[in-house]
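Numbering (our numbering), first residue to last: 8 to 63. Virtual Cβ for every residue (Gly too), placed ideally from N, Cα, C. Only one structure is covered here, and it is reproduced in the block below.
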Ligand SMILES: [Zn+2]
């Protein structure tokens, strides 16, 4: 999935018990809920591995 800011790739980024989406271009971090309507299958699959993590 793409960064809404610069269109570079977003990666799943885990920090302790939290997960963010982080851009490989501008390094901006997004809360999951901020990009929830844009999640693609690949990203959803990665996030499904973190079911115990709190999405704040
Ligand atoms: Zn970006």
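Identified DSSP bridge partners for residue i
| i | result |
| --- | --- |
| residue 25 | 22 |
| residue 17 | 30 |
| residue 57 | Paired residue(s): none; residue 57 is not in a bridge. |
| residue 40 | Paired residues: none, contrary to the question. |
Residue from the options with nearest C-alpha to residue i
| i | options | result |
| --- | --- | --- |
| residue 33 | 13, 41, 8, 18 | 13 |
| residue 39 | 48, 49, 27 | 27 |
Residue i CB to nearest heavy atom of ligand 3 below 8 Å
| i | result |
| --- | --- |
| residue 18 | Ligand 3 is not among the ligands present in this structure, which contains only ligand 1. |
C-beta atoms of residue i and residue j nearer than 9 Å
| i | j | result |
| --- | --- | --- |
| residue 54 | residue 31 | no |
| residue 37 | residue 29 | yes |
Those residues, in chain order, that have a beta-carbon closer than 6 Å to some heavy atom of ligand 1: 10, 12, 13, 15, 30, 32, 33, 35
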